[in-house]
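Engineer:
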Amino acid sequence: MKSSDVRLKLIESYYASDFSGLVERTALRVYDRQLAEDLVQDAFLRLLTSDAVVLEPALPGLVYRTITNLLYDRWRRRQHALLYRKALTASDVSDADSSAEVSVKQLTAVVEKAVSRLDDDSARIYCMNVFGDMKVSEIADKTGIQYKKVENKLYAARKAVRQYAKLKINL
1477 MKSSDVRLKL IESYYASDFS GLVERTALRV YDRQLAEDLV QDAFLRLLTS DAVVLEPALP
1537 GLVYRTITNL LYDRWRRRQH ALLYRKALTA SDVSDADSSA EVSVKQLTAV VEKAVSRLDD
1597 DSARIYCMNV FGDMKVSEIA DKTGIQYKKV ENKLYAARKA VRQYAKLKIN L
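Numbering-wise (my numbering), the sequence shown opens with residue 1477 and increments by one.
1) I need the straight-line Cα distance from V1539 to A1528, nearest angstrom please.
2) Could you give the DSSP three-state label for L1594: helix, strand or coil?
3) Helix or strand or just coil, what does DSSP make of Q1471?
4) Quick one, which of G1608, A1636, S1598 has its alpha-carbon nearest V1626's?
5) By the three-class DSSP mapping on this structure, what secondary structure does V1626 have?
6) Have a look at P1533 and D1596 and give me their C-alpha separation to the nearest angstrom.
7) Please classify S1570 as buried or exposed, where buried requires at least 16 neighbouring CB atoms within 10 angstroms.
8) What did DSSP end up calling S1526 once you bin it into helix, strand or coil?
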């Protein structure tokens, strides 16, 4: 039997035996059973599509860590969205529709200005991640820049845009 077949059998058996327990445990953290099921299924999908070596004793920890990472990713995306919502509602204009329109224009202008202040690689990486919804690995593959360098440039770009936005919008 091939090692990939053994790996698939191992993951399949763990999925079959522990899926409901993993969903219950995840549902306690997210308070939504359907979302918990999605997260657990995504974790197993990541395991099945990865090339990582999976050993039976390490599989439960790997699954838990993957689910936790998915939760952290979801939390970060929600925090990013909350930041923009906060910026949208921070306008002093009395009319609600026009205040949202002004805020969106203001926020767009601030983000564009902040991105224009970045170096070319950082701006391109930031735009690919934020506006193109690309992962760091996809950006590294597409640009030919090393993964760790993309990660560092993205971190620095996010920090610079966030600082510029806080300065200009007074968040």
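Here a beta-carbon is modelled for each residue, glycine too, at the ideal position from N, C-alpha and C.
Structural biologist: In this structure, then:
1) Take the alpha-carbon of V1539 and the one of A1528: they are about 12 Å apart.
2) Coil.
3) The question about residue 1471 has no answer, for the chain in this structure spans 1477 to 1647.
4) Per the Cα distances, S1598.
5) Residue state, collapsed to three classes: helix.
6) Taking the straight line joining both Cα atoms gives about 45 Å.
7) With a pLDDT of 44 at S1570, under the threshold of 50, the modelled position of this residue cannot be trusted; read the value that follows with caution. With fewer than 16 Cβ atoms within 10 Å of its Cβ, S1570 is classed as exposed.
8) When secondary structure is reduced to three states using DSSP, S1526 falls in the coil class, being assigned neither helix nor strand.
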